[in-house]
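Numbering (this note's numbering), first residue to last: 17 to 357.
Positions of the beta carbon are idealized from the N, C-alpha and C atoms, including for glycine.
Note that this is a predicted model, so its numbers are computed, not measured.
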């Protein structure tokens, strides 16, 4: 990939996501069965999709043009690096929150992303996710911000979506089949040209459709209707029939081969004012009955595996001016050469 990013407007019924062998008889769902309520929160000028709407003609959807090398690298990266907020893989470090008190029908959070100095063989990302595990099997869906120079060829902050299903393989964005793009203006993967120190913002939800069982990703916008970007069909999964066992949000980094870990969040420890470090706010879940609750209404685990390099601090303030913050935490850190294995 390079700075010259190209999207092709593809017939929605001929998009590559539908080429998956498990989707041969799948019928496209054009919108969620139940609309999510619009949110009354502050407007942020660096909101991701307000800046980069594609505007494909009716009946088509934007698909990022990818080289064969990019597709291969996307699959390798997805299978190697994405996991349920765990530091089991060598060189992986985390700072986040998860709950294993499911079943859950969805997760939602408002979070920011920053331009960081990330090496070619390093990765830094912030995500929300749903997951279920049984034995050696795992079903998993995540979405958020990512900086991955080895994959994209630049240090820009990209939005992403990822899934891992019953075939045991993972897929990243629309680089291979599985995800069904529905929005004609907001693609699931897009670059954001952020300036150093100036955050971009995302408000994402991943939720299971009550009628179809498909897993939708929705982006909530300030001062505009929310955008249902697309979904991962239920046919891809075998452990999500009754929802997800766990949900989580947080930051993850992957160190270079030399052992040097990149910054996470905005590169600052969560010390002092909450504006000094990266943040997840309004972290909510859908319970088994599709009722919306703060995540900390359920038992939660706070996860930081390398306190020398990264941190996490749960917030206590209830409002930002008149806007509720809900359950939130600051996180991140500078990384370095002494973060551990």
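Annotation: residue 167 is outside any beta strand (DSSP E); the continuous alpha helix (DSSP H) that includes it extends over 165-168. Judged by DSSP secondary structure, residue 269 falls within the beta strand (DSSP E) whose first and last residues are 262-270.
Looking at the backbone, the Cα of residue 186 and that of residue 286 are separated by about 32 Å. A Cβ-Cβ distance of about 30 Å is found for the pair residue 129 and residue 34, leaving them out of contact under the 8 Å criterion. Pairing residue 356 with residue 113, the inter-Cα distance amounts to about 20 Å.
Secondary structure within the stretch 190-236: the beta strand (DSSP E) runs of 3 or more consecutive residues, fully enclosed, are 216-224, 231-235 (chain order). DSSP places residue 314 in no beta strand (DSSP E); its state is neither H nor E. If only uninterrupted beta strand (DSSP E) runs of at least 3 residues are considered, those enclosed by the stretch 120-195 are 122-129, 139-150, 153-163, 173-180, 186-188. Taking C-beta atoms as the reference points, residue 244 and residue 198 count as a pair closer than 8 Å.
With a beta-carbon spacing of about 6 Å, residue 172 and residue 209 fall inside the 8 Å limit used to define contacts.
CA-to-CA, the gap between residue 344 and residue 288 works out to about 15 Å. DSSP, read as helix, strand or coil, puts residue 114 in strand. For residue 340, the three-state secondary structure derived from DSSP is strand. Considering only 206, 135, 181, 115, the residue with the shortest C-alpha distance to residue 318 is 115. Assigned with DSSP and collapsed to three states, residue 303 falls in coil, not helix or strand. In this structure, residue 160 lies away from residue 224, with their beta-carbon atoms at least 8 Å apart.
Annotation: residue 193 to residue 38 spans about 10 Å, alpha carbon to alpha carbon.
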